[in-house]
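A quick write-up on the structure given underneath.
Protein chains: 2
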Amino acid sequence: MSKLTIHDIAKHAGVSTGTVSRALNGRFGVSAATRDRVLRVVSELGYVPDPDARQLAKGSRTVIGITRFSETSLRNAYYTLLLDLIQEALVGAGYAVRILDTKDVARPGVAGMIVPGVYLADPRFEELRAHQRPFVVIGEMPSEYTWVEVDNRNGMRQAITHLLGLGHTRIIHMTGSPIGQTAQLRLETYQNVMRDANLEPNPELILDGRFTQLGAYRAMQRALDQKLEFSAVACASDEMAFGVLAALEDAGLNVPKDISVTGFDDLPLDDTIEHLPLTTVHQPMRLIGHTAAQLMLELLEGAAPRGVLLPTNLVTRASTAAVRQPQTV
Amino acid sequence: MSKLTIHDIAKHAGVSTGTVSRALNGRFGVSAATRDRVLRVVSELGYVPDPDARQLAKGSRTVIGITRFSETSLRNAYYTLLLDLIQEALVGAGYAVRILDTKDVARPGVAGMIVPGVYLADPRFEELRAHQRPFVVIGEMPSEYTWVEVDNRNGMRQAITHLLGLGHTRIIHMTGSPIGQTAQLRLETYQNVMRDANLEPNPELILDGRFTQLGAYRAMQRALDQKLEFSAVACASDEMAFGVLAALEDAGLNVPKDISVTGFDDLPLDDTIEHLPLTTVHQPMRLIGHTAAQLMLELLEGAAPRGVLLPTNLVTRASTAAVRQPQTV
DNA sequence: GTAGATAACGCAAGCGTTTACGAAAAGTCA
DNA sequence: TGACTTTTCGTAAACGCTTGCGTTATCTAC
């Protein structure tokens with residue numbers, strides 16, 4: 571089957587190409603009836619407009635940049651997946667996507683920026699604000715700007731509640747870098763949920779794993795050396811959970827028999843590594859990517875900035891179990 | 571300045587647009603004299619052809635896929651940088667770049683694949699071979715196919731020679747996953763250079779860090795626990811070197827006073843983390859990206875597969891120093 | 001029912017390239 | 001030198017889409 575063009579659609583729907591174009595782009599000047607008919611034909615034939623032709627006709631090419639991550643905050647797998655999803659949505663809408671630096675915001679031809687993992691305190695954030703270009707932030711919630719973030723509170727609440735339900739009371743929280751809102755929210759929620767259960771959060775049980783495997787491994791090891799008493803570890807990221815798992819394993823402890831561990835992110839794992847299936851808070855990755863792209867398109871059409879909070883939910887797997895010997899508070 | 575088009579070039583050079591196009595694309599039917607004149611005007615005015623228009627005129631859109639990494643082999647920063655560079659070159663040549671999975675090779679519209687960090691033993695490699703589409707491999711050297719890789723031998727040789735020159739004789743080699751050629755070559759070279767210096771390589775001094783910070787940290791820690799005697803660590807990646815640095819620091823050892831450490835890759839570091847400046851083997855990242863793109867374009871034009879080996883060189887920084895108390899073999 | 005306003009749509013001219021095709025210029029050979 | 005081949009280059013028609021303009025159909029209000 572040779573390439574399907576807008577002319578084919580026009581012919582099938584009995585209208586002109588101009589009308590098809592307008593229907594497709596939601597422009598005014600098309601009656602609801604014909605729009606529906608056109609759209610039906612489009613989906614029946616499986617027509618998808620050629621991004622090149624579209625761009626060409628629209629005028630100068632518009633590219634949307636996605637920044638690199640800061641190393642520490644979020645890791646490889648997460649980023650790559652996100653990139654892919656955003657690309658999918660944006661290219662579908664006729665934009666080009668490039669990986670850029672925040673300073674490229676000003677570059678001609680760059681219509682906007684999607685910035686995952688940028689801290690509000692980050693100088694790069696200032697850079698973005700200084701320019702006129704629209705941008706959408708992933709993973710932080712700068713008021714007055716456009717962002718998409720997951721429901722950290724609810725996610726962590728579910729994880730801690732799950733652990734409490736299994737009888738754990740001495741629960742370590744492995745927190746990430748304290749610079750970001752994300753880590754902060756997860757930490758706060760941990761503290762709140764503990765308090766709600768009448769367990770005054772013990773500062774000793776809050777460890778900083780810097781959002782990395784190694785950081786969490788070291789923190790955990792130090793805690794074990796100090797004979798810290800605990801039966802569960804709630805981590806602010808999967809990455810850190812893997813570090814914790816390794817430290818526990820090296821100490822001869824069994825997960826989940828001796829210690830329960832929870833993560834946060836639900837990263838798709840590389841098949842080549844076998845890990846204990848992790849009980850973790852799932853982030854709707856596809857939705858995040860899709861939403862970020864959608865918000866960008868919205869912004870480009872002149873919409874007002876807004877934030878979107880996406881749901882999270884706990885996925886119970888093999889790294890958590892009932893506490894071994896019930897403890898008295 | 572409004573957009574520069576092929577017409578502007580044509581006018582300035584006193585030729586037709588067709589001629590400009592032919593000159594630009596190296597097609598036959600244009601004399602050397604006019605080609606040079608056109609090219610000169612092009613670079614003078616800084617004209618760059620519109621990829622969209624080019625694609626549109628050329629026919630159906632062609633996209634070139636880049637696969638995701640397998641987690642373990644090469645890390646985030648490396649990958650992202652590479653992605654950026656390849657994108658730059660390929661988009662400039664009028665192609666679209668998408669992040670895809672190896673199984674998408676067969677997808678219509680995908681002209682080729684660039685696959686960084688795929689092992690030869692990987693089933694994904696078979697997948698690539700099974701289809702007709704051209705692909706170029708980064709970081710492995712599959713004979714009969716097209717690849718770009720850095721000179722692992724020379725790089726590791728320089729690193730070890732540097733350490734030997736500083737008086738070190740008990741040098742640990744922190745190797746990566748043994749599945750890949752890369753780790754294998756670096757390991758072999760370490761052994762060879764040691765032998766050349768009349769130091770029979772000691773198997774005890776070969777540690778597996780699995781190409782990750784955590785892996786290297788654990789391996790190093792174990793070695794320290796066993797009171798292994800050594801004065802330097804030559805790592806097969808920067809990532810692992812950071813793990814080693816952390817382990818040494820935790821053990822109260824000073825780098826480079828007590829122990830010298832070398833890396834491999836010369837990853838651009840995230841500014842937010844302060845690390846000891848690492849003596850490491852530099853990989854010409856820009857060149858790698860550029861070469862991969864170039865090879866792909868070549869392949870698309872029907873050229874025969876070939877491999878390109880890129881140079882490496884040692885960058886001496888603060889993590890290496892003369893051995894403390896000279897040792898006798 | 002008619003005039004005037006408004007909404008719906010078709011027409012066709014681009015957007016910046018590439019690439020047949022054919023004309024003109026330059027070589028080639030006897 | 002003339003006829004014929006080859007090379008060089010200009011012309012113009014695509015490529016698939018958007019959009020301003022003008023035309024026709026549909027409303028609205030009297």
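Residue numbers (my numbering), protein chains in the order written: chain U, 571 to 899; chain S, 571 to 899. Cβ coordinates follow ideal geometry from the N, Cα and C atoms, glycine included.
Straight-line Cα distance separating residue j from residue i
| i | j | result |
| --- | --- | --- |
| residue 576(U) | residue 633(U) | 24 Å |
| residue 644(U) | residue 689(U) | Since pLDDT at residue 644(U) reaches only 41, below the 50 mark, its modelled position is unreliable, and no value is offered. |
| residue 817(U) | residue 744(S) | 20 Å |
| residue 711(S) | residue 761(S) | 21 Å |
| residue 697(U) | residue 749(U) | 18 Å |
| residue 849(U) | residue 785(U) | 20 Å |
| residue 847(U) | residue 695(S) | 27 Å |
| residue 763(S) | residue 821(S) | 29 Å |
| residue 627(S) | residue 857(U) | 35 Å |
| residue 723(S) | residue 759(S) | 6 Å |
| residue 619(S) | residue 609(S) | 12 Å |
| residue 811(U) | residue 833(U) | 5 Å |
| residue 706(U) | residue 604(S) | 48 Å |
| residue 714(S) | residue 736(S) | 41 Å |
Within-9 Å CB hit, residue i to chain U
| i | result |
| --- | --- |
| residue 856(S) | no |
| residue 530(S) | Lying outside 571 to 899, the shown extent of chain S, residue 530(S) is not represented and no answer is given. |
| residue 626(S) | yes |
| residue 864(S) | no |
| residue 661(S) | yes |
| residue 900(S) | Coverage of chain S is limited to positions 571 through 899, which leaves residue 900(S) absent and any answer about it impossible. |
| residue 670(S) | yes |
| residue 715(S) | no |
| residue 853(S) | no |
| residue 808(S) | no |
| residue 779(S) | no |
| residue 820(S) | yes |
| residue 813(S) | yes |
| residue 787(S) | yes |
| residue 657(S) | yes |
| residue 686(S) | no |
| residue 578(S) | no |
| residue 666(S) | yes |
| residue 676(S) | no |
Environment of residue i [buried if 16+ CB atoms lie within 10 Å]
| i | result |
| --- | --- |
| residue 883(U) | exposed |
| residue 874(U) | exposed |
| residue 641(U) | Because the pLDDT of residue 641(U) is 49, which lies under 50, any placement of that residue in the model is unreliable, and the number read from its coordinates should be weighed accordingly. Residue 641(U) should be labelled buried. |
| residue 799(U) | exposed |
| residue 747(S) | buried |
| residue 657(S) | buried |
| residue 601(U) | exposed |
| residue 571(S) | Bear in mind that the predicted position of residue 571(S) carries a pLDDT of just 48, short of 50, making it too unreliable to give a figure here. |
| residue 598(S) | exposed |
| residue 898(S) | A caution first: residue 898(S) carries a pLDDT of 49, below 50, which makes its placement in the model unreliable, though a value can still be read off. Exposed is the call here. |
| residue 614(S) | exposed |
| residue 766(U) | exposed |
Residue i at chain S interface by Cβ criterion, 9 Å
| i | result |
| --- | --- |
| residue 782(U) | yes |
| residue 653(U) | yes |
| residue 800(U) | no |
| residue 681(U) | no |
| residue 621(U) | yes |
| residue 816(U) | yes |
In DSSP terms, what residue i is bridged to
| i | result |
| --- | --- |
| residue 762(S) | DSSP output for residue 762(S) lists no bridge partner at all. |
| residue 875(S) | Answer is none; residue 875(S) lacks a bridge partner. |
| residue 595(U) | Answer is none; residue 595(U) lacks a bridge partner. |
| residue 574(S) | Paired residue(s): none; residue 574(S) is not in a bridge. |
| residue 885(S) | 850(S) |
| residue 880(U) | 720(U) |
| residue 684(U) | 636(U) and 706(U) |
| residue 526(S) | Residue 526(S) lies beyond the stretch modelled for chain S, which goes from 571 to 899, so this question has no answer here. |
What ranges does the beta strand (DSSP E) occupy inside the segment 807-870 of chain S, keeping only unbroken runs of at least 3 residues that lie completely in it? 830-835 and 849-852
Enumerate, from N- to C-terminal direction, the unbroken beta strand (DSSP E) stretches of 3 or more residues contained entirely within the segment 702-750 of chain S. 705-708, 716-720 and 741-745
Quick check on the DSSP output: what are the complete beta strand (DSSP E) runs of length 3 or more inside the segment 598-677 of chain U, in order along the chain? 633-637 and 666-670
Considering only residues of the segment 773-802 of chain S, which uninterrupted alpha helix (DSSP H) runs meet the minimum length of 4 residues and lie entirely inside it, listed in chain order? 783-795
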